[in-house]
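In this note's numbering, the protein residues as written are 248 to 525.
A virtual CB, placed ideally from N, CA and C, is assigned to each residue, including glycine.
As the structure is a prediction and not an experimental result, all values here were calculated from the model.
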Ligand SMILES: C[S@@+](CC[C@H](N)C(=O)[O-])C[C@H]1O[C@@H](n2cnc3c(N)ncnc32)[C@H](O)[C@@H]1O
């Protein structure tokens with residue numbers, strides 16, 4: 248793997264804490280992802296697929312046991328540390344095979360791009376909301392798919408997050424997440440725009456569904472707090488809040504999360520299957 252740094256557009260910290268957060272996220276959303284991936288037929292036949300922006304492999308590890316045993320799977324990410332963790336994760340789980348390949352690639356760069364028509368399917372989960380030019384990325388993805396191949400997207404709409412009761416710390420966290428994304432030229436409310444963007448890139452939209460995971464307790468309820476801690480440096484860099492305000496939000500959010508009467512949602516998650524066919 249070549250050395251390459253995480254692109255400046257990505258606002259969430261990587262490394263071990265980042266991987267631990269992705270693990271909680273994957274576990275808390277797996278039921279919804281599994282239903283979607285089953286419904287679009289991902290597990291039915293032998294295929295060659297790519298998890299683009301695979302992170303530390305939290306989703307790959309869950310998908311692999313359900314894929315056809317002769318399927319080939321690639322994982323790509325722009326963060327070399329995340330990619331090594333993904334390879335290690337699959338090795339530890341006993342799933343790593345020669346047909347599984349991990350490659351460093353920044354989708355916003357043309358270098359290292361896989362050959363045209365390489366894949367039956369490409370999964371882009373929580374990736375497009377971190378890019379400056381999602382339309383260009385969609386066009387690149389389209390060219391990497393075989394004729395009739397599918398792009399499977401799961402991505403967020405932060406506008407769709409809620410808590411009960413209303414909580415200032417939670418509301419400020421969702422505002423600051425979106426503001427930090429905007430400061431890097433990205434859109435944390437991309438979810439509802441995806442069908443049109445995909446059509447503009449030349450895809451045919453074949454499935455659309457929306458999930459809103461909601462938690463009263465357990466690890467899923469911690470995701471807002473974990474995410475806030477993971478974006479603190481981006482918030483400070485974008486100057487949308489100062490250290491003192493971040494500290495106050497952190498305390499408020501943590502107290503609210505630990506209140507057994509509170510309810511916290513993730514952002515609304517849009518799920519799409521779009522096809523590379525006319
Ligand atoms: C929110 S994480 C999601 C990881 C994984 N898809 C999952 O659902 O667990 C987003 C991932 O996209 C990667 N990423 C961000 N910008 C990227 C880019 N321009 N090209 C490739 N990967 C990128 C990040 O390094 C990170 O691992």
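Supposed contact pair residue j and residue i - C-beta distance, whole angstroms, cut 8 Å
i, j, result
"residue 539", "residue 333", "Here the chain comprises residues numbered 248 to 525, so residue 539 is not present and cannot be evaluated."
"residue 342", "residue 291", "At roughly 19 Å, the Cβ-Cβ gap does not stay under 8 Å, so residue 342 and residue 291 are not in contact."
"residue 401", "residue 516", "6 Å"
"residue 483", "residue 493", "7 Å"
"residue 512", "residue 460", "7 Å"
"residue 427", "residue 405", "Not a contact, Cβ separation roughly 11 Å."
"residue 410", "residue 510", "6 Å"
"residue 437", "residue 375", "6 Å"
Residue i CB to nearest heavy atom of ligand 1 below 7 Å
i, result
"residue 302", "yes"
"residue 272", "yes"
"residue 256", "yes"
"residue 391", "no"
"residue 355", "yes"
"residue 367", "no"
"residue 277", "no"
"residue 325", "yes"
"residue 473", "no"
Residue span of the beta strand (DSSP E) that contains residue i, given as start and end
i, result
"residue 457", "451-458"
"residue 323", "319-324"
"residue 371", "366-372"
"residue 354", "Segment: none, residue 354 is in no beta strand (DSSP E) and carries neither H nor E."
"residue 297", "295-299"
"residue 393", "392-404"
Cβ neighbour criterion (16 or more within 10 Å) applied to residue i
i, result
"residue 198", "For the chain, the structure presents residues 248 to 525; residue 198 sits outside this window and is missing."
"residue 415", "exposed"
"residue 522", "buried"
"residue 315", "exposed"
"residue 467", "buried"
"residue 250", "Confidence in residue 250 is poor, its pLDDT being 46 and thus under 50, which makes the residue's placement unreliable; the coordinate value appears in the next sentence. Exposed is the call here."
"residue 514", "buried"
"residue 383", "exposed"
N-terminal and C-terminal residue of the alpha helix (DSSP H) that residue i is part of
i, result
"residue 269", "262-286"
"residue 416", "415-430"
"residue 375", "Per DSSP, residue 375 belongs to no alpha helix (DSSP H) and is neither H nor E."
Cβ contact check for the segment 470-478 and the segment 413-427: 3 or more pairs under 8 Å: yes
Stretch pair the segment 388-407 + the segment 319-336: three plus CB contacts closer than 8 Å: no
Validate contact between the segment 356-366 and the segment 386-393 using beta carbons, cut 8 Å, 3 pairs: yes
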